[in-house]
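Residue numbers (this note's numbering), protein chains in the order written: chain A, 1 to 441; chain B, 1001 to 1441.
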């Protein structure tokens, strides 16, 4: 696995035996591979931040018998069972009724819920049909989790010393409901941490074992510290926690700060921001602008920056130059440079970076050119697939860098983009540091 | 759910009672949301094509006790149990040993396997460590699934009238092994169809219920026909099968052809190709080229085309014009047009499409401009978020189209890209048809 956590201790809420969480995701579309199971990834991460690792995720069909069997099983094992899906208005949506029966709960009609559903229909000029009425039923001994983004309210019940949480399937309804209504309730019951249970140091360009070696002198001073590493491509996250509550939040923060200082430019951020977001923040802070040019990554580099809200503040634009002609026309790459060195070369990468920065009047120009595969263009050398040159134009100068990433087309593209953004990040940070220092003669 | 199948019958291998498949995915990284569970999506889709819906997917930690408990449970219920992960060389990788114990199988050292592992290490100039030796053990009564892409071989065993398949975790190792070694074995045992068990009609721009109405006169002539709809954004797939084996493959193909003819340009393709791939094939067939210009989608439109192998044959390049300046500089959008109509306007979309086609000497120019949100730029009207204009320049003329997609930023971007590509597809198909018709005076 590319992404894997190496735990010497998974942080858990201090001083309690770890409660067991199960997530039951419902839907034929998940089992048939028509939709990715994003609820596992998203809920798993949210609970992980609060010190809990899901014990199990089970995905089953939304068939009533299957739901009943699975819920009974999960309920017998876990302290908290979370379900997603099957709360809609159609006859396929049976989660509410099935779970009520297993729990021996009565479903009662809630006029307040019905009014909320009717108001939502009126707001969108749609007519409420009779089958929407079933969405206005709730457990007699339970709570309603109002849904401002859809008609299906969530349901919450505590019974037999356990908790069941039933959430609607659409992510734009499930996610705010979970953050705003479920997490606070779980924290109040002491089933998860009140706040993030670890401090995450995000690093780039250093391998996991090297990171471990560098941090050892610091971590060695704090016996019982919880340390977990998680390696992504190019990036490694290190999560520092205090599983037995021995170290305060302030101490953990001081440890993280010490680690960050030790790492220098290999330190990206504390928390969960993406490399592109961190780089964008540095650019905005220093009032600098960026333009990008790319061939083999074909728009992915641009897209990484434009995924950030408010990108127009620093992002001047991008050029996807997929041919020699477009490199000459749009980026002013000289024809003789292309014929002498080729489009996949250090020289071309620098020319692209400078060209796009000039064309778009940006302070920084970032360029990628390479062979993403599966074939290496006009080049006959099979080993050339995965060869990528990054070019960087900055106020301090122009550079290029060669990288080699054997792998599938999508992987090569993603790795090249990550490496390019990280290089830019380092240069923007260095420039800000230089600007802050007094001139020395 | 945005993507949901509506089945009146899930196709299954003809003439057999449906075998039950369970997938057990192992890994803390899945439960902590660090990695998406891509194995469920991918294996689910592969089995779906062969007429089988996974009964259940369970994701658990790679803890030995948890694996043993879960495998025992799945083995008692299912006819085929597939596992992924935990076959590596480290002490964390315990799937092989745990399942052998549950099945009462002996693990035997296989010198051929050891040689293959050693050769792989030699090829990459790495040293085989003693813990790699455990990867050379296989079930005494079972088969080895060789792994040309990694050191962990897969394992296959039949016992108690059931099948267990153990696959390595990395997708680039799991996927070819499953396609080349697992599917043929399962088909030979009659547990899945020999070939794709349905014919998929991919359509665009028509809602599910409208599609059902249009197909009814055709489907009505074939009682017992299996029909399943699956709606994605903008696209609906219709899968036609013969659950009881009453209709031959040829008949199903004839039915699909009749449906395709009825749909006209709303028909995209038979099978699983993406809209971008189908559009690219049409462009290549007619020898036409494309250039794209985009603002709010920020590179995603370009990237959809450059994800296709051999895109340089038709894709001239793209411009991400994220500012008014870049629209003027790179796309020749007149300043007076921008000040009069604004950057998010039909006029600007057409100017961008024409500008990029001219700049890059392409036959077609496709442009997107809009407000992806969460804020609508300088515009104060909140309703403007999600407003998108598409511009198309073609050999036959220039057009623009207004769309409105309320939703999250990423959703707006994806929908705008899908709609733009579909519009281009229709125009390329129409142009090819016009070119094929004799001139009429």
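Yeah, the Cβ is synthetic: ideal placement off N, Cα and C, and Gly gets one too. Since we're looking at a predicted model, the values are computed, not measured.
What distance in whole Å lies between the Cβ atoms of residue 279 of chain A and residue 421 of chain A, which are believed to be in contact at a cut-off of 8 Å? 6 Å between Cβ atoms; contact.
Complete alpha helix (DSSP H) runs within the stretch 1276–1337 of chain B (minimum length 4 residues, chain order): Within the stretch 1276–1337 of chain B, the complete alpha helix (DSSP H) runs of at least 4 residues are 1300–1306, 1324–1331.
If residue 1238 of chain B and residue 1215 of chain B are in contact, beta carbons under 8 Å, what's the gap, nearest whole angstrom? Yes, residue 1238 of chain B and residue 1215 of chain B are in contact; Cβ-Cβ is about 7 Å, under 8 Å.
So what does residue 390 of chain A bridge to, in DSSP terms? Bridge partners of residue 390 of chain A: A:368, A:401.
So is residue 1316 of chain B in contact with chain A if we call contact Cβ pairs under 8 Å? Cβ-Cβ to chain A under 8 Å: yes for residue 1316 of chain B.
Chain B residues whose Cβ lies nearer than 7 Å to that of residue 432 of chain A: Those within 7 Å of residue 432 of chain A in chain B number zero; the least Cβ separation is about 23 Å.
Using the rule of at least 16 other Cβ atoms within 10 Å of the residue's Cβ for burial, across every protein chain shown, is residue 135 of chain A buried or exposed? Label assigned to residue 135 of chain A: buried.
Run through chain B and tell me which residues come within less than 8 Å of residue 53 of chain A, C-beta to C-beta. Chain B residues near residue 53 of chain A: 1028, 1031, 1032, 1061.
Just curious, the beta strand (DSSP E) that residue 59 of chain A is in, first and last residue? Annotation for residue 59 of chain A: the continuous beta strand (DSSP E) segment containing it runs 56–60.
Determine the burial state of residue 152 of chain A: buried for a count of at least 16 other Cβ atoms within 10 Å of its Cβ, exposed for fewer. Here residue 152 of chain A is buried: its Cβ has 16 or more other Cβ atoms, across all protein chains shown, within 10 Å.
Taking one C-beta from the stretch 218–235 of chain A and one from the stretch 184–195 of chain A each time, how about it: are there three or more such pairs within less than 8 Å? No, they do not touch.
Can you say whether residue 1306 of chain B is buried or exposed, counting buried as having 16 or more other CB atoms within 10 angstroms of its CB? Here residue 1306 of chain B is buried. Its C-beta has 16 or more other C-beta atoms within 10 Å.
Rounded straight-line distance, which links the Cα of residue 290 of chain A to that of residue 357 of chain A: Roughly 7 Å separates the two Cα atoms.
Between residue 230 of chain A and residue 1034 of chain B, which are expected to be in contact by the criterion C-beta below 8 Å, what is the C-beta distance as a whole number of angstroms? Rounded, the Cβ-Cβ distance is 6 Å, consistent with contact.
Give the secondary structure of residue 78 of chain A by DSSP, where H, G and I count as helix, E and B as strand, and everything else as coil. The DSSP-derived three-state label of residue 78 of chain A is coil.
Which chain A residues sit within Cβ distance under 8 Å of residue 1353 of chain B? Within 8 Å of the CB of residue 1353 of chain B, no CB atom of chain A is found; the nearest one sits about 16 Å away.
If I'm right that residue 333 of chain A touches residue 398 of chain A with Cβ under 8 Å, what's the distance once you round it to whole angstroms? At roughly 13 Å, the Cβ-Cβ gap does not stay under 8 Å, so residue 333 of chain A and residue 398 of chain A are not in contact.
Given that residue 359 of chain A touches chain B, what residues does it touch there, using C-beta distances under 7 Å? Neighbours of residue 359 of chain A on chain B, chain order: 1329, 1330.
Where do the ends of the beta strand (DSSP E) carrying residue 1099 of chain B lie? Boundaries for residue 1099 of chain B: no beta strand (DSSP E) harbours it, while the alpha helix (DSSP H) harbouring it runs 1095–1103, taken from the DSSP string.
Closest Cβ-Cβ distance between residue 323 of chain A and chain B: below 8 Å? Cβ-Cβ to chain B under 8 Å: yes for residue 323 of chain A.
Can you tell me the Cα-Cα spacing of residue 109 of chain A and residue 138 of chain A, whole angstroms? A straight-line Cα-Cα distance of about 7 Å links residue 109 of chain A and residue 138 of chain A.
Three-state secondary structure (DSSP) of residue 156 of chain A: The answer is strand: DSSP assigns residue 156 of chain A an E or B state.
Other residues of its chain near residue 272 of chain A: CB distance less than 7 Å, five sequence neighbours each side excluded: Around residue 272 of chain A: 200.
Could you spell out where the beta strand (DSSP E) holding residue 246 of chain A opens and where it closes? Per DSSP, residue 246 of chain A is not a residue of any beta strand (DSSP E), being assigned neither H nor E.
Length of the line joining the Cα atoms of residue 194 of chain A and residue 94 of chain A: Inter-residue distance for residue 194 of chain A and residue 94 of chain A is about 33 Å (C-alpha atoms, whole angstroms).
How about residue 1048 of chain B: is its C-beta nearer than 8 Å to some C-beta of chain A? At least one chain A Cβ lies under 8 Å of residue 1048 of chain B.
Report the residues of the stretch 1299–1313 of chain B with a CB closer than 9 Å to any CB of chain A, ordered along the chain. Here the close residues are 1299, 1300, 1301, 1302, 1303, 1304, 1305, 1306, 1307, 1309, 1310, 1311, 1312.
So which residues of chain A does residue 1042 of chain B contact, with C-beta pairs closer than 9 Å? The contacting residues are 33.
Residue 284 of chain A versus residue 314 of chain A - alpha carbon distance: Taking the straight line joining both Cα atoms gives about 6 Å.
Going straight from the alpha carbon of residue 479 of chain A to that of residue 348 of chain A, what length do you get? In the structure displayed, chain A extends from 1 to 441; residue 479 of chain A sits before or after that span and is not available.
Suppose contacts are defined by Cβ-Cβ distances below 8 Å. Is residue 1317 of chain B in contact with residue 321 of chain A by that definition? Yes; because the gap between Cβ atoms is below 8 Å, this pair is in contact.
With distances taken Cα to Cα, identify the nearest neighbour of residue 1000 of chain B among B:1150, B:1236, B:1416. No information on residue 1000 of chain B is available, as it lies outside the stretch 1001 to 1441 that chain B covers here.
CB of residue 1157 of chain B within 8 Å of CB of residue 1103 of chain B, strictly: Yes, the Cβ-Cβ distance between residue 1157 of chain B and residue 1103 of chain B is below 8 Å.
So what does DSSP say about residue 1124 of chain B, is it helix, strand or coil? Collapsing the DSSP output to three states places residue 1124 of chain B in coil.
Relative to the C-alpha of residue 1131 of chain B, which residue among B:1385, B:1091, B:1159 is closest? Nearest option by C-alpha distance: B:1091.
Between which two residues does the alpha helix (DSSP H) containing residue 1418 of chain B stretch? 1409–1436 is the span of the alpha helix (DSSP H), which, as asked, contains residue 1418 of chain B.
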